[in-house]
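Here the structure is laid out as structure tokens; the discussion comes afterwards.
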Amino acid sequence: MAEPQAIYLSDYRPPAYRIDKTELTFDLDPQATRVRARLHVTRHPESKAQAALTLHGHGLTTERIAIDGQALLESEYRIEADQLIIDRVPETFVLETEVIIDPTSNTALEGLYVSGPMFCTQCEPEGFRRITWYPDRPDVMAVFTTTVIGDRQRQPVLLSNGNPIERGELPDGRHFVTWEDPHPKPAYLFALVAGSLECVRDSFTTMSGREVALEIWVEAQNLEKTDWAMASLKRAMTWDEEAYGREYDLDLFMIVAVDDFNMGAMENKGLNIFNSAAVLANPQTTTDATFQRIEGIVAHEYFHNWSGNRVTCRDWFQLALKEGFTVFRDQSFSSSINSAPVKRIEDVALMRTLQFAEDAGPTAHPVRPDHFIEISNFYTLTIYEKGAEIVRMLSHLLGEETFRRGSDLYFERFDGQAVRVEDFVETMAEVSGEDLTQFMRWYAQAGTPQLTARSDYDAEKRRFTLTIAQQTPPTPGQEDKQPLHVPVRMGLMAADGQPVELIINGESHGTDTVLHLREAEQQWVFENVDEGAVPSLLRGFSAPVRLEYPWSRDELSHLMRFDEDGFNRWDATQRLALIAIEEMMAAHQRNELMALDARLIEAFSYLLREPTDDRAVLAEMLRLPSEAWIAEQQRRVDIDAIHGARRAAIEQLADNLFPEFESVYHANQQSEAYAPTPEQMASRSLKNVALSYLVANGEVEALNMARAQYEADDNMTDVRAALTLLAHSDRADLGDPAIRAFGERWAHDSLVMDQWFATQVTRPQADALERVRFLMDHPAFSIKNPNRVRALIGAFTQQNRVNFHRLDGEGYRLLADVVIELNRLNPEIAARMIVPLTRYHRLDEKRQALMRGELERIRAENLSRNVFEVVEKALA
Ligand code: ARG
Ligand code: ZN
1 MAEPQAIYLS DYRPPAYRID KTELTFDLDP QATRVRARLH VTRHPESKAQ AALTLHGHGL
61 TTERIAIDGQ ALLESEYRIE ADQLIIDRVP ETFVLETEVI IDPTSNTALE GLYVSGPMFC
121 TQCEPEGFRR ITWYPDRPDV MAVFTTTVIG DRQRQPVLLS NGNPIERGEL PDGRHFVTWE
181 DPHPKPAYLF ALVAGSLECV RDSFTTMSGR EVALEIWVEA QNLEKTDWAM ASLKRAMTWD
241 EEAYGREYDL DLFMIVAVDD FNMGAMENKG LNIFNSAAVL ANPQTTTDAT FQRIEGIVAH
301 EYFHNWSGNR VTCRDWFQLA LKEGFTVFRD QSFSSSINSA PVKRIEDVAL MRTLQFAEDA
361 GPTAHPVRPD HFIEISNFYT LTIYEKGAEI VRMLSHLLGE ETFRRGSDLY FERFDGQAVR
421 VEDFVETMAE VSGEDLTQFM RWYAQAGTPQ LTARSDYDAE KRRFTLTIAQ QTPPTPGQED
481 KQPLHVPVRM GLMAADGQPV ELIINGESHG TDTVLHLREA EQQWVFENVD EGAVPSLLRG
541 FSAPVRLEYP WSRDELSHLM RFDEDGFNRW DATQRLALIA IEEMMAAHQR NELMALDARL
601 IEAFSYLLRE PTDDRAVLAE MLRLPSEAWI AEQQRRVDID AIHGARRAAI EQLADNLFPE
661 FESVYHANQQ SEAYAPTPEQ MASRSLKNVA LSYLVANGEV EALNMARAQY EADDNMTDVR
721 AALTLLAHSD RADLGDPAIR AFGERWAHDS LVMDQWFATQ VTRPQADALE RVRFLMDHPA
781 FSIKNPNRVR ALIGAFTQQN RVNFHRLDGE GYRLLADVVI ELNRLNPEIA ARMIVPLTRY
841 HRLDEKRQAL MRGELERIRA ENLSRNVFEV VEKALA
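Position 127 of the sequence shown, counting from 1, maps to 127 under the UniProt record's numbering, and the rest follow consecutively.
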């Protein structure tokens, strides 16, 4: 078998033919669905008169190919390497094809597949070619008419994009519905759902006074979990009108919940399909974090209607055009509803741990890649999250109003078109008059820029000089990097805790300003500054970079107390904790006692005692840096030292501050009924952080508090927090009964069982891996369901570092076994699950060898393009 080949952006050619109208008929059958397509094709005037027509197809049994009603002879077409090539075609014609596909054996979950009692589709990026012969590329946009024929009993509900225009009965207990979507769209936005589904209805009146019907379709037992998504959808529709002037453009908007789904959700025109985990919620089954996640994803998919659907991508190299912009939009939406600083803290934590790790690993790629083997591998944190950070920098560079003028012009100018990243950035340059040429490098260069800052104080002249240097490390295929345009938001905090007025070249910039770093190194002189000022740098994480500055611990404590920027107060606390933990790691490595720095205890004591109005931020400040973030700072990663030191730090904080944590725990109890409001979530978050310290202290009293909270059974946020503490404690007499009771109580609810799986396999105790193997045989587990795989295997390999990295290599072996099985069943999920195995470069030699060994074992298999691409990069 030939090795999979890469595709290059520089090879892009416009399509030779356009499709004005696509008519589809699906005759549904679980094993043999018949798909008839009538494509109204016209040659683009710019393309050659004799250009061949090329269509994509994968796994299709072709029954008929005809042009203008005339069946083609075998000599008139070729099928090679997933392409149908017809050399001679008229200028304008109707191409008819008829194919048979098998939705039941489709375990890749791309194209048309069966999930529980329903048929559903996932076409982005290249799933449509598994449904019918088609130019499956985003720059071919057509108006779709879709007729779905199904069994009246088994598929009473038949859905597709747009509006239903006709329905009727057919012989043999069959019926049909015909849907028409008036908006031209690429094939990746096509959707079909059929099955026995129930729906909740609501409506929304748009800003121009049009009434839109809203429907959420679910299996009957999930009807009680749809309120939150509906409320979130309406909030998102209002927000997009207010913040971006964007109105919905069809009379009907549908959401469907599906149990087997590779990703979170999909923005198909008028028919969004959601992973049930990303849409179903109620207080008994869903934690606060998931309520917020669902709100964000519902909004994200809805926002795609403009940033993605009305204006789409020319080719898949431009994926971040729609994803980065849409993530930025959903982040802004969420922070308008919930605690804005906490939203920022969470997004930045994700960037700095997982995206930075991706950017530093073997699969590092630019936000706009210039080549790929398998595009499904590029739905990454870099495309989504770093892509969103770039848009955020643009919005700050331009200012909110100008950015809005830019987005208005972008939507107006490119409506109905498939465009490139340049079109977006050039529109922003045009409305602002800014030169964004250097800024474009953010899309082209992979790797996380490293900023190194230092300062110098001249007491005589009362001048504070700040110097910042930048450097982006080499990444695979990109040795030399150019300086980027980095906006550094900053301020100076005086010794008395007051903000300093920033005067540069005699001009005042208030107490908060943005420095524009464009060179490899630059200097700024602040005048009229008193001794002892502390710089607060990169406020709000104003650019996706690493920043080093030699803050002393006293300076960090100072920022933690006084910084005007809530985000930087959190960041200062994290840095202070990191220094303390690294000190303890060093002691661990020397086999010495690990004593926690008294300044961290003092800092926490201050946080716990001083009244603060933002309890949500306080809860975040009380969480120590994650093991993943600590590991990100190390040149050589010592898994056990990180775990041991972090654990010891928590225990010592708990020992020293037990009464303080206890009073925070009690002060944040709630009497009202559960609601996912920001105020209540802040209390629960703070209360449960406090409880985790109390339990870490090891007193029986604390474990009993956790047990009481578990038994009170008020809402899943509190139950899950308590269950985790019990199950992760050394007290099997408390943990085991709770786990057993929870598993029995929720056996009927797979989304809750996912939480049960994840809770057990993230135990720090040495038996976690054996639990994974044991639970893989549990009746609620299935390797074919991506949510189950993520809950059991994903949680273990990504969140249980000490046990995944066991020195006997069993963690690696387990993951490799799973990847080998998934490679055959679901290559997209296989290529995602393998990632922890590819991050061996900074580990010790023993572990490196074990991990490479497992990668080699995987490489010896007959690999999908997805897994092949990742393994090749990892072993390069
Ligand atoms: N466009 C979807 C979203 O971000 C994701 C679809 C990804 N599909 C995939 N097969 N990787 O909302
Ligand atoms: Zn998206």
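A virtual CB, placed ideally from N, CA and C, is assigned to each residue, including glycine.
What you are looking at is a predicted structure, and each value in this text was computed from that prediction instead of being measured.
By the 16-neighbour rule on beta-carbons within 10 angstroms, P550 is exposed.
Shortest Cα-Cα distance from E63 to any of I79, A49 and K48 involves I79. The C-alpha of I345 is placed about 10 Å away from the C-alpha of R352. For P678, the enclosing alpha helix (DSSP H) covers residues P678 to A696.
When the five nearest sequence neighbours on each side are left out, the beta carbons in the same chain lying within less than 6 Å of the beta carbon of L578 are those of P625, in order along the chain. In this structure, ligand 2 has no non-hydrogen atom nearer than 7 Å to the beta-carbon of E385. Per the DSSP secondary-structure output, K21 pairs in a beta bridge with H40 and V143. Apart from the 5 residues on each side of it in sequence, D458 has no Cβ closer than 6 Å to any other Cβ in its chain. Approximately 6 Å separates the beta-carbon atoms of P15 and D139; this is inside 8 Å, confirming the contact.
Of the candidates S508, D530 and A494, A494 places its Cα closest to the Cα of R561. Within 10 angstroms of the beta-carbon of Y188 lie 16 or more other beta-carbons, which makes it buried. By the rule of a C-beta closer than 6 Å to any heavy atom of ligand 2, the residues picked out are H300, H304, E323 and T326. The region 95-106 makes no contact with the region 243-253: fewer than 3 CB pairs, one atom from each, lie closer than 8 Å.
In the DSSP assignment, K461 falls outside any alpha helix (DSSP H) and carries neither an H nor an E.
For Q652, the enclosing alpha helix (DSSP H) stretches over residues I639 to A667. Going by beta carbons, G387 and G447 fall outside the 8 Å limit.
Ranked by Cα distance from N338, the options T382, R293 and D370 are led by R293. For H558, the uninterrupted alpha helix (DSSP H) segment begins and ends at R553 to F562. In this model, W442 and V425 are separated by some 11 Å (Cα to Cα). Close CB contacts of F372 within its chain, under the 7 Å cut and outside five residues either way in sequence, are with A6, I7 and F378 (chain order).
Two segments are said to touch when three or more pairs of C-beta atoms, one from each, lie closer than 8 Å; by this definition the region 196-212 does not touch the region 263-270. Counting along the chain, E583 sits inside the alpha helix (DSSP H) bounded by residues G566 to Q589. The alpha-carbon separation between A780 and E224 amounts to approximately 22 Å. Boundaries cannot be given for A278, as no beta strand (DSSP E) includes it and DSSP labels it neither H nor E. For the pair S557 and A603, the Cα-to-Cα distance works out to about 7 Å. Among the bridge pairs identified by DSSP, S536 is matched with G491.
Not one heavy atom of ligand 1 lies closer than 7 Å to the C-beta of G111.
Not a single heavy atom of ligand 1 lies less than 7 Å from the C-beta of P827.
By the C-beta criterion, the region 716-727 is judged to be in contact with the region 699-707, since at least 3 inter-stretch pairs fall below 8 Å. By the CB criterion at 8 Å, N866 and E821 fall outside the cutoff. For T717, the CB contacts under 7 Å within the same chain, skipping 5 residues up- and downstream, are T287, D288 and R684 in chain order.
The beta carbons of V200 and T238 sit no closer together than 8 Å.
G296 has its CB no nearer than 7 Å to any heavy atom of ligand 1. Ligand 1 has no heavy atom closer than 7 Å to the beta-carbon of M833.
Unbroken alpha helix (DSSP H) stretches of 4 residues or longer found wholly inside the region 710-756: 716-727 and 732-745, given in chain order. Counting only the Cα atoms, E660 lies some 6 Å from L608.
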